[in-house]
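J.: Following this message is one structure expressed as structure tokens.
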Amino acid sequence: MTTPKTFNVTVRVWRQVGPGREGRFVEYPARGVNPDMSFLEMLDVLNDELAARGEEPIAFSHDCREGICGTCSLVINGKPHGPNHGVASCQTYMRSFRDGDRIVVEPFRARAFPVIKDLVTDRSAFDTIQQAGGFITARTGSAPEANAAPVPKHVADLAMDAAQCIGCGACVAACKNSSAMLFVASKVSHLGLLPQGQPERDSRVLAMVSTMDGLGFGGCTNQYECSAACPKLISHDFIARLNRDYTKAVFRSAFKPEPAGGGET
Amino acid sequence: MALLESRIPPGALADKWRRHKADMRLVNPANKRKYEVVVVGAGLAGASAAASLSELGYAVSCFVFHDSPRRAHSIAAQGGINAAKNYPNDGDSVHRLFNDTVKGGDYRSREANVHRLAEVSGDIIDQCVAQGVPFAREYGGLLANRSFGGAQVSRTFYARGQTGQQLLLGAYSALSRAIGSGGVKLHTQSEMLDLVVVDGHAKGIVARNLLTGEVTRHSADAVVLATGGYGNVFNLSTYARGSNATAIWRAYKRGACFANPCFTQIHPTCIPVTGDYQSKLTLMSESLRNDGRIWVPLRKEDRLKPAASIPEADRDYYLERIYPSFGNLCPRDVASRAAKRVCDEGRGVGETGLGVYLDFSEAIGRLGEAGVRERYGNLFDIYHEITNEDAYRVPMRIFPAVHYTMGGLWVDYNLMSNVPGLFVLGEANFSDHGANRLGASALMQGLADGYFVLPYTISGYLASQKPGSRPPADGPEFMQAEAAVGAVTRRLLSVRGTRPVSYFHKRLGHILWQHCGMARNRAGLEKALQEIPALREEFWAGGLVPGTGDSLNQSLERAVRVADFLELGELMCRDALAREESCGCHFREEHQYPDGECKRDDVNFAHVAAWEYAGEGDVPVRNTEPLTYEAVKMSVRNYK
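Just so you know, the protein sequences line up as chains U and X, in that order.
Under the numbering used here, think of the first position of the first sequence as 1103, with each following residue one higher.
Under the numbering used here, think of the first position of the second sequence as -12, with each following residue one higher.
In structure tokens:
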């Protein structure tokens, strides 16, 4: 536990005044960087310096700063959420960089995530997908006793693995097709694995996939950049599960006027 | 003087809620859609309320300053949610949960509210499981429980270390369904900046679109604030950076009383501060205290030695020593003060001396590293990211940090403030946790308020309002509120001083942490009451807010919030000064027992202090609501 030595870096940041406007990279020196600083704290300090000089601070999204709210969304040196595995931008610390480094910072780039300003993008498309079917209909007050339907531990654990998605959009930003398949797969799998999710299993996957397609996200070509960039390391195996659920639902809905209830796993 | 009518129903404690529900005035189903309800905030309380009200048929509009209703800071709660299900067969009951919560709050909460909370706790678990919340389960497929501070039963349900996330995503999914079906109109990136009061009733809000700067007026039959706590007044806290007091503060300035503002929870297990640049503190879940042992060296000379080199005999497991029956699981206020005390003695570890060890070596010996990883893996990962230390090898270093505010807008039994038509839910109100909140109770309260209390109690108010009688959004009160909001933003942008907003926020945080933090005294509070107004003046004269008000301007957003914190901080100190006793989190050094425990004054202070705004520059009025206890016996809390 010795006092950490500070160092200097250069950040090359995407600046864009507003939606649809032309943007460009601008370089700023960041001096006296403490390795224990988070990446966002480095930007905070830089922003105070910019304001003091009469320049406009860099807009970037952030909130919880502990990797769970899914608001932060930086592409650092070409990688969504930066160089480290399984963390969000806010959990990236300056000890990952060296004195003299030139760090490129960009917004998440995807047609479905238009830039609002500088590093801030509009990810409301994810909410639209959720609203189409990312739920189990359970009116308040109508629930049965919680232990009435046991769920095998391994099933509950797998559902939890999928449910961890923080809705940040790194999967989309990492994908060369800007596909949202991992995002949709995680919700479809989480709810489709549980007994409570069976009645709407088919309608859910059909609605979420068609909404996703309509919002300008691309298709999946199985490169798995998404799961590599995911701050929660959600497995691309869930995409296979999504494809299977989708195929079954398409067939079932073709044979019956109403989407069938599930019941099978 | 404001009228503080608690409206606690008559009858035996255990029957109050049932009878109250049966006696409540109802709104005709065909009329419900004629009532417009504005819900501000979409954390656990706001999202669950908006979804449930919409299911009942009300026309709901939901306002969030985030880009999505899935981001609120409820999402960061780690450890769990309490419920009196008694699945472990260890003697839990509604009465025991109620009793533990009242005692944990050091007898400064309202008995009837807490009992209702305990009564509906089981329904919350049922509701969440039905939504697909993937709680931890036993091998047989049934739900698992763990223990938490301040209780001797295992009643906490959890989803790994991400319980808040899973509960919020459950409420968010219910809200999403309501938005998709048109039942709720969602306004994202819209910050409420004023409450509109017409003829004494809350009848709408004024909001600012954070992307365009556009200020809009929204008329409603009732307004629900579920905007969270105000711990960011300290600058450094475990809150999200965006968490703020602006909505409740503006409501306070429109007449809603602010109850017990000095009751702020300092959580014992957070990662210590490292430097001046720091923007937030990170919590390590209280659940870690189930298996981790807290200690410092017995002698201060040892404090910088590697932990492993200090033999057992030279360690002081001070919580186990002082509180043998609760040990490391004593309540948060008690654990935090004990940590402060050993650090004040010079025995704190780490470079700054502001830290204690949370040691898992015994647990690793008992459960194996894999066993510990299974229970707490994600927390150990977070600790590693932040500190670059491996807690499987060396003990964690922890220190208390601001985590939750028990204070908030005053509400009656129906969760309505003293301004009729204004309902306040979750952390934004004051009602259930008294002077100290027990672990895993915040999630319980947020969801209880939103799913199971407000949907009933709001009908009592709306039934008294004629359908379609809400005032038009271009009435004089709306125009005046809109003009006031515009004036504040213009004034902030016109100062063009030299110091960034962060400078003032940090200084305010220092003043409050020093004088209104874990220990308070008259001299310190009086000093803070001099310093804060001076700082506020400096802010309005020399603050630097760059940019303009007609597009995304994050500096302006923060300036608006800090301007309110600079007023709220003063009220907190005023409240702490007036409360001449120690209770729960509020430790006045003048009022303690020889062993350093809180000395309550039940004769003079068994009441809620509800502060009433008296106008710019005038001293606010301190109203009181007496607290009477019928079912529990007020005693000195004993965790020994």
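The beta-carbon is built from N, C-alpha and C at its ideal position, and this holds for glycine as well.
For clarity, every value in this text was computed on a predicted model and none was experimentally measured.
(1) Measure the C-alpha to C-alpha separation of F367 of chain X and S1329 of chain U and round it to an integer number of angstroms.
(2) Closer than 6 angstroms by C-beta to A1276 of chain U: which residues in its own chain qualify, once you throw out the five before and the five after it? Chain order, please.
(3) According to DSSP, is L(-9) of chain X helix, strand or coil?
(4) Hey, out of X:A36, X:G200, X:A238 and X:A59, whose CA is closest to V171 of chain X's CA?
(5) Please list, in chain order, the residues of the segment 90 to 116 of chain X that have any C-beta partner in chain U closer than 7 angstroms.
(6) Select from the segment 1163 to 1182 of chain U all residues with a C-beta closer than 9 angstroms to any C-beta belonging to chain X, and list them in chain order.
(7) Who are E338 of chain X's beta bridge partners in DSSP?
(8) List, in order along the chain, the chain U residues whose C-beta lies closer than 9 angstroms to that of N375 of chain X?
(9) Just how far apart, CA to CA, sit W397 of chain X and A32 of chain X?
(10) Here's the rule: buried if 16 or more other CB atoms are within 10 angstroms of the residue's CB, otherwise exposed. What is M(-12) of chain X?
(11) When you compare the CB of G127 of chain X with every CB in chain U, is at least one pair closer than 8 angstroms?
(12) Does H371 of chain X get closer than 8 angstroms to chain U when you measure Cβ to Cβ?
(13) Exposed or buried, what is A565 of chain X when buried is set at 16 or more other beta-carbons lying within 10 Å of its beta-carbon?
(14) With which residues is Q252 of chain X paired in a DSSP beta bridge?
(15) Using a Cβ cut-off of 8 angstroms (strictly closer), state whether Y636 of chain X contacts chain U.
(16) Could you give the DSSP three-state label for K172 of chain X: helix, strand or coil?
(17) Can a CB atom of chain U be found closer than 8 angstroms to the CB of Q252 of chain X?
(18) State the DSSP-derived secondary structure class of P607 of chain X, mapped to helix, strand or coil.
(19) At least one CB of chain X closer than 8 angstroms to the CB of G1269 of chain U: is that the case?
(20) Which one of X:F221, X:P255, X:H254 and X:V210 has the shortest CA to CA distance from A238 of chain X?
(21) How about M403 of chain X and Y438 of chain X: do their beta carbons lie closer than 8 angstroms?
(22) How many whole angstroms separate the CB atoms of W598 of chain X and D551 of chain X, which I take to be in contact at a CB cut-off of 8 angstroms?
(23) Going along chain U, which residues have a C-beta under 9 angstroms from Y438 of chain X?
(24) Nearer than 7 angstroms: is that true of the beta carbon of A1261 of chain U relative to any heavy atom of the ligand MG?
(25) In angstroms with no decimal places, state the Cα-to-Cα distance between N277 of chain X and A246 of chain X.
(26) Tell me, please, which residues DSSP counts as bridged to F410 of chain X.
(27) Counting Cβ pairs closer than 8 angstroms, one from the segment 19 to 28 of chain X and one from the segment 200 to 215 of chain X, do we hit at least three?
(28) Would you mind reading off the limits of the beta strand (DSSP E) that contains L316 of chain X?
(29) If you reduce the DSSP assignment to three classes, tell me which class Y226 of chain X lands in.
(30) Give, in chain order, every residue of the segment 434 to 465 of chain X whose Cβ lies closer than 8 angstroms to some Cβ of chain U.
(31) For D289 of chain X, decide whether its Cβ has a neighbour in chain U, counting only Cβ atoms nearer than 8 angstroms.
(32) For a contact defined as C-beta to C-beta under 7 angstroms, what are the partners of L1293 of chain U on chain X?
(33) Which whole-angstrom value describes the C-beta separation of F1210 of chain U and V1274 of chain U, a residue pair presumed to lie in contact below a C-beta threshold of 8 angstroms?
(34) Can you give the Cα-Cα distance for P407 of chain X and R(-6) of chain X, rounded to whole angstroms?
(35) M1310 of chain U by DSSP, collapsed to three states: which one?
(36) Check each residue of the segment 1223 to 1234 of chain U: if its Cβ is closer than 8 angstroms to any Cβ of chain X, include it; give the result in chain order.
T.: According to the structure data:
(1) Whole-angstrom Cα-Cα distance: 22 angstroms.
(2) P1182, E1327, C1328 and A1331
(3) L(-9) of chain X: coil per DSSP, three-state reduction.
(4) Shortest Cα-Cα distance from V171 of chain X to any of X:A36, X:G200, X:A238 and X:A59 involves X:A36.
(5) Per Cβ criterion, the list reads I112, D113, Q114 and V116.
(6) S1163, H1164, D1165, C1166, R1167, E1168, G1169, I1170, C1171, G1172 and T1173
(7) DSSP output for E338 of chain X lists no bridge partner at all.
(8) P1137, D1138, Y1195 and R1197
(9) 16 angstroms
(10) exposed
(11) yes
(12) It does not: the Cβ of H371 of chain X has no partner Cβ on chain U nearer than 8 angstroms.
(13) Answer is exposed; the Cβ neighbour count stays below 16.
(14) DSSP links Q252 of chain X through a beta bridge to X:Y391.
(15) In the structure as shown, chain X begins at -12 and stops at 627. Residue 636 of chain X is therefore absent and cannot be evaluated.
(16) In this structure, DSSP gives K172 of chain X an extended state, which the three-state scheme calls strand.
(17) no
(18) coil
(19) yes
(20) The candidate whose alpha carbon is nearest that of A238 of chain X is X:V210.
(21) Cβ atoms of M403 of chain X and Y438 of chain X: not closer than 8 angstroms.
(22) That pair is no contact at about 15 angstroms.
(23) T1242 and G1243
(24) Because no ligand of any kind appears in the structure shown, any question about the ligand MG cannot be addressed here.
(25) Straight through space, the alpha carbons of A246 of chain X and N277 of chain X are spaced by roughly 33 angstroms.
(26) X:V211 and X:M403
(27) Yes: at least three Cβ pairs fall under 8 angstroms.
(28) Taken as a continuous stretch (DSSP letters only), L316 of chain X belongs to no beta strand (DSSP E), as it is neither H nor E.
(29) coil
(30) Listed by position along the chain: Y438, F439 and P442.
(31) no
(32) Ordered by position in chain X, the residues that pass the 7 angstroms Cβ test against L1293 of chain U are G119.
(33) 7 angstroms
(34) 13 angstroms
(35) Looking at M1310 of chain U - three-state DSSP - the assignment turns out to be helix.
(36) D1224, R1225, S1226, F1228, D1229, Q1232, Q1233 and A1234
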